[in-house]
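Below is one structure, written out as structure tokens; the observations come after it.
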Amino acid sequence: MPEVDVGQRYTEVADLYIRMFGAVDRVAPQDLSFLERNLGDSDGTVLDAGCGPGHLAAYLTGLGLTVQGVDLVPEFIGNARANWPGVDFAVGSVHTLDMPDRSLGAILAWFSLIHCEPAELTDVLTEFRRVVRRGGMLVVGFFEGACVERFDHKVAPAYRWPVDEMSRMLSAAGFAETERCRRSGTAQTRPYAALAARAA
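Here it is in structure tokens:
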């Protein structure tokens, strides 16, 4: 599904999404620890790519990092600016970043790439590598599956990825994996995983 259509789907459910997911206490403590381990020492601006309501950008700011949040959905950015006025938030696409080459210290893409088709994901990861300086970190959260598989997400079609395959995608874009974690699904959640990788 085109990015603009995905953005429109999230716009339609923005208020509900913010109520359900727009706070750090909705994030598993072990996931916050993963973010802190892999992004906490970043040198330079950290981009929260597809920041949603802004809560993770605010969390990273609380660690002493300089953070910029970008999201396609104006309602998410409005919420983020209202709740965390000290953080830099902007409406924009993560597919084409309005940033100079090698200008970022790190990127967080926490479930913001789940709607990308495989070929599209390749392009986005290449764009991420363009803007991250050598040695900078990328952290990606995604739904895990036994194969690359499209499924009917409640908002828009999304994809599951095997962890090894996602790691290969990161490697092809110029990132070397440094850590991974996997979370089992529950009655309310799907299995998911996260990868941390360093820009080569």
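Position 6, counted from 1, in the sequence shown is what the UniProt record's numbering calls 6; the numbers after and before it change by one each time, with no gaps.
Every residue, glycine too, gets a C-beta built ideally from N, C-alpha and C.
Q. Which whole-angstrom value is the C-beta distance of C51 and V70, which I expect to be below 8 angstroms?
A. Here the question's residue 51 lines up with position 51 in the sequence shown. Here the question's residue 70 lines up with position 70 in the sequence shown. Your pair C51 and V70 checks out as a contact, with CB atoms roughly 6 angstroms apart and the cut at 8 angstroms.
(Q) Using only the alpha-carbon positions, how far apart do P162 and E144 sit? (A) Within the sequence shown, numbered from 1, the residue matching residue 162 stands at position 162. Within the sequence shown, numbered from 1, the residue matching residue 144 stands at position 144. For P162 and E144, the distance between alpha carbons rounds to 6 angstroms.
Q: Within 10 angstroms of the Cβ of D5, are there 16 or more other Cβ atoms? Answer buried if so, exposed if not.
A: Counted from its first residue, the sequence shown places residue 5 at position 5. Result: exposed.
Q.
Distance check for L170 and A200, CA to CA, integer angstroms please.
A. For the purposes of this step, residue 200 is taken as residue 200 along the sequence shown, with counting starting at 1. For the purposes of this step, residue 170 is taken as residue 170 along the sequence shown, with counting starting at 1. About 11 angstroms.
Q | Segments of 3+ residues assigned as beta strand (DSSP E) that fall wholly inside the stretch 126-155 | A | Within the stretch 126-155, the complete beta strand (DSSP E) segments at least 3 residues long are 132-144, 149-151, listed from N- to C-terminus.
Q. Is the CB-CB distance between M166 and L138 below 8 angstroms?
A. One-based indexing of the sequence shown puts residue 166 at position 166. One-based indexing of the sequence shown puts residue 138 at position 138. No, the Cβ-Cβ distance between M166 and L138 is not below 8 angstroms.
Q: Could you check which residue in L104, P191, A90, F128 has the C-alpha nearest to that of F175?
A: As a working note, residue 175 is residue 175 in the sequence shown. With distances taken between Cα atoms, F175 lies closest to F128.
Q | Sequence-distant residues of its chain with Cβ nearer than 6 angstroms to R183 (five each side left out) | A | Looking up residue 183 in the sequence shown gives position 183. Taking C-beta separations shorter than 6 angstroms and ignoring five residues to either side along the sequence, the partners of R183 in its chain run Y192, following chain order.
Q | Cβ distance (whole Å) where V140 is taken to contact S103 below 8 angstroms | A | By one-based count along the sequence shown, residue 140 stands at place 140. By one-based count along the sequence shown, residue 103 stands at place 103. Not really, about 19 angstroms apart at Cβ, beyond 8 angstroms.
Q) Could you give the distance in angstroms between the alpha-carbon of W110 and the alpha-carbon of V155? A) By 1-based counting over the sequence shown, the position of residue 110 is 110. By 1-based counting over the sequence shown, the position of residue 155 is 155. Approximately 16 angstroms, taken between the alpha carbons.
Q: May I ask you to report which of helix, strand or coil DSSP gives I107?
A: Mapped onto the sequence shown, residue 107 falls at position 107. It is a strand residue.
Q. Do L39 and L72 come within 8 angstroms of each other at the CB atom, strictly closer than that value?
A. Counting from one through the sequence shown, the residue named residue 72 turns up at place 72. Counting from one through the sequence shown, the residue named residue 39 turns up at place 39. Taking the C-beta atoms as reference points, L39 is found no nearer than 8 angstroms to L72.
Q) Within 10 angstroms of its Cβ, does R134 collect 16 or more other Cβ (buried), or is it exposed? A) As a working note, residue 134 is residue 134 in the sequence shown. It counts as exposed.
Q. How should P53 be labelled, buried or exposed, when 16 other C-beta atoms within 10 angstroms of its C-beta is the threshold for buried?
A. The residue given as residue 53 occupies position 53 in the sequence shown. P53 comes out buried.
Q.
Give me, in chain order, the residues of the same chain whose beta-carbon lies closer than 6 angstroms to that of P74; leave out the 5 immediate sequence neighbours on both sides.
A. Counting from one through the sequence shown, the residue named residue 74 turns up at place 74. So the list reads V91, once near-sequence residues are dropped.
Q: Check each candidate in L121, T126, H115, I107 and name the one with the smallest Cα separation from T45.
A: For this step, residue 45 is matched to residue 45 along the sequence shown. Per the Cα distances, I107.
**Q.** Buried versus exposed call for R160 [16 or more other C-beta atoms within 10 Å across all chains shown]
**A.** Position 160 of the sequence shown, counting from 1, holds the residue named residue 160. The residue in question, R160, is buried, as its Cβ has 16 or more Cβ neighbours within 10 Å.
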